[in-house]
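Peer 1:
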Amino acid sequence: MTISIHSAVSFGVLVLAGLCYVTSQVTDVWMESDGLLSLGVWNFCVFSTDTHSWSCEINFSGFNMASQTFSILALLCYLNAFFLYTLSMACRSLQKCRPIITGISCLVFFIVSLQIMTMIVFSVKVHHHTDDVTELHLGKDEKRLPLRLSWSFTAAIVSTILSTISGVCISIELRNIIVEDFQ
Numbered sequence: 004m005t006i007s008i009h010s011a012v013s014f015g016v017l018v019l020a021g022l023c024y025v026t027s028q029v030t031d032v033w034m035e036s037d038g039l040l041s042l043g044v045w046n047f048c049v050f051s052t053d054t055h056s057w058s059c060e061i062n063f064s065g066f067n068m069a070s071q072t073f074s075i076l077a078l079l080c081y082l083n084a085f086f087l088y089t090l091s092m093a094c095r096s097l098q099k100c101r102p103i104i105t106g107i108s109c110l111v112f113f114i115v116s117l118q119i120m121t122m123i124v125f126s127v128k129v130h131h132h133t134d135d136v137t138e139l140h141l142g143k144d145e146k147r148l149p150l151r152l153s154w155s156f157t158a159a160i161v162s163t164i165l166s167t168i169s170g171v172c173i174s175i176e177l178r179n180i181i182v183e184d185f186q
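Pasting the structure below:
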């Protein structure tokens with residue numbers, strides 16, 4: 004089995020990216036507002052000043068369902084990429100792994116694209132959803148709550164950057180294999 008430095012770095016960085024992305028997905032604090040409201044891709048939580056406790060509900064709004072779909076697809080691409088990396092480790096030579104490495108390269112491109120789409124759709128529509136949640140749970144008198152990005156959203160951004168680095172490394176590996184084929 005021959006494994007190159009580019010493949011090894013790409014795999015390691017993609018594992019870190021996957022961990023960051025899973026962490027960002029399992030939390031409900033992509034955006035938060037003054038300790039009264041936290042919003043995630045999967046649910047939102049509202050702090051009740053009467054009972055001094057948090058109540059959480061699942062997000063069923065259209066934009067959230069789109070974000071959830073993109074997230075699920077990105078996670079499935081991660082799983083497939085890890086499977087292909089495992090398969091590539093069984094190859095006797097890098098030239099025989101070219102179709103597998105091409106597949107990994109495409110999957111990493113899809114991962115980055117889907118993660119970016121998740122963050123854009125969520126970020127663009129979250130203010131409308133916040134207004135609805137505020138009116139429903141905190142009362143009509145409440146003014147628009149200021150939202151700020153949370154650590155969980157930052158983890159998704161870091162994951163996207165790491166996935167891009169992984170994609171560059173595996174693309175360099177693919178280029179090197181193609182160049183070797185023509186020499």
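In this text, residue positions in the sequence shown follow the numbering used here: the first is 4, and each later residue adds one. No residue lacks a Cβ here, since even glycine has one placed at the ideal position from N, Cα and C. Remember, predicted model here, so these are calculated numbers, not experimental data.
1) Compute the Euclidean distance between the alpha carbons of ALA93 and HIS55, then round it to the nearest angstrom.
2) Expressed to the nearest angstrom, what Euclidean distance is found between the alpha-carbon atoms of VAL182 and SER108?
3) Can VAL44 and SER58 be called in contact, C-beta distance under 8 Å?
4) If we require 4 or more residues per run, which alpha helix (DSSP H) segments fall completely within the stretch 10–92?
5) Where do the ends of the alpha helix (DSSP H) carrying PHE156 lie?
6) When you compare each of ILE114, GLN118, ALA84, PHE113 to ILE103 by their alpha carbons, which one comes out closest?
7) Between THR72 and TYR81, what straight-line distance do the alpha-carbon atoms span, to the nearest angstrom?
8) Assuming PHE156 and SER27 make a contact with CB atoms under 8 Å, what is their CB distance in whole Å?
9) I'd like to know whether the C-beta atoms of SER116 and CYS23 end up nearer to each other than 8 Å.
Peer 2: Looking at the coordinates:
1) 56 Å
2) 16 Å
3) no
4) For the stretch 10–92, whole alpha helix (DSSP H) runs of length 4 or above, ordered along the chain, are 65–91.
5) 154–184
6) ALA84
7) 14 Å
8) 7 Å
9) no
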